[in-house]
Each structure stands twice: as structure tokens, then as C-alpha cells.
Amino acid sequence: MGKEKADLVWERLQKLNLWKLVDDSSFGVGCNGKTTGDALEGRPDIIHLITKNNIKTLVYQYPDVYEKRCPGNENKQKIISLNNLFNLEFEKFIDDDGR
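In this note's numbering, the protein residues as written are 1 to 99.
Next up, the structure:
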């Protein structure tokens with residue numbers, strides 16, 4: 001990635017204010033802290049924010065699913081934006097089986 005593109009990605013990351021986010025442990029999973037009773041399969045989104053002096057870990061259960069069902073959670077919206085940014089700007093890793 002060239003410097004110009006890296007600067008653009010960094011600028012977009014800064015606009016998300018990731019260090020101010022709280023995760024599902026603070027506001028709960030689902031809608032208004034209550035799950036919808038669905039048996040969803042998959043893994044949570046886990047984000048590690050790392051600086052020289054600190055590591056902040058954020059865990060979100062299916063942010064895209066719950067944002068569609070009960071929209072308006074700014075924290076989930078920003079994690080969805082972060083996921084979209086990385087999916088657009090970086091190549092996905094593909095194993096030998098094409099997955």
C-alpha cells in the first residue's frame with residue numbers, strides 16, 4: 001500500500017474514534033441489551049486497539065445482524081464501518097483450498 005492510500009485509510013480510521021467505543025460487555029448483546037432469542041452461529045468480532053502503553057479489546061456479537069434488527073447503536077455502526085473499511089482496502093487472506 002502506498003503512502004497516499006495509507007494516509008487515506010488512517011484518516012478514515014481516525015474519524016471512527018475507535019478509542020471511545022464501548023462493546024457488548026457495556027451495553028449488552030442484541031436489542032437494548034437483550035438477545036433476540038436467535039441461535040446464531042459464527043464468531044464474534046474482536047478488535048484489539050494497541051498503543052505503546054495500552055491494549056483495549058472490544059468484543060461484538062454479530063454487529064451487522066443486530067444493527068439491522070434494532071438500528072441506532074453507534075458503537076455497532078462504527079464496528080461495521082471498520083469491517084467494511086478493511087474489507088475494501090486490504091486483500092483477504094485465502095488458504096490453499098480457496099477459502
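Positions of the beta carbon are idealized from the N, C-alpha and C atoms, including for glycine.
CA-to-CA distance, residue j to residue i, given in whole angstroms
i, j, result
"V9", "D64", "21 Å"
"M1", "I47", "22 Å"
"Q51", "C31", "Per the sequence presented here, residue 51 reads as Thr, with Gln not at that position. Cα to Cα, the separation comes out at about 31 Å."
"F93", "F86", "For F93, the predicted model reports a pLDDT of 45, less than 50, meaning its position is unreliable and no value from the coordinates is stated."
Buried or exposed by the 16-neighbour rule on C-beta atoms within 10 Å, applied to residue i
i, result
"V22", "exposed"
"K68", "exposed"
"D7", "exposed"
"N53", "exposed"
"L58", "buried"
"I55", "exposed"
Test item: CB-CB of residue i and residue j under 8 Å
i, j, result
"V29", "Q61", "yes"
"N83", "D24", "no"
"L13", "L49", "no"
Which ranges does the alpha helix (DSSP H) cover as unbroken runs of at least 4 residues, wholly within the segment 5-89, from first to last along the chain?
24-27, 63-69 and 74-89
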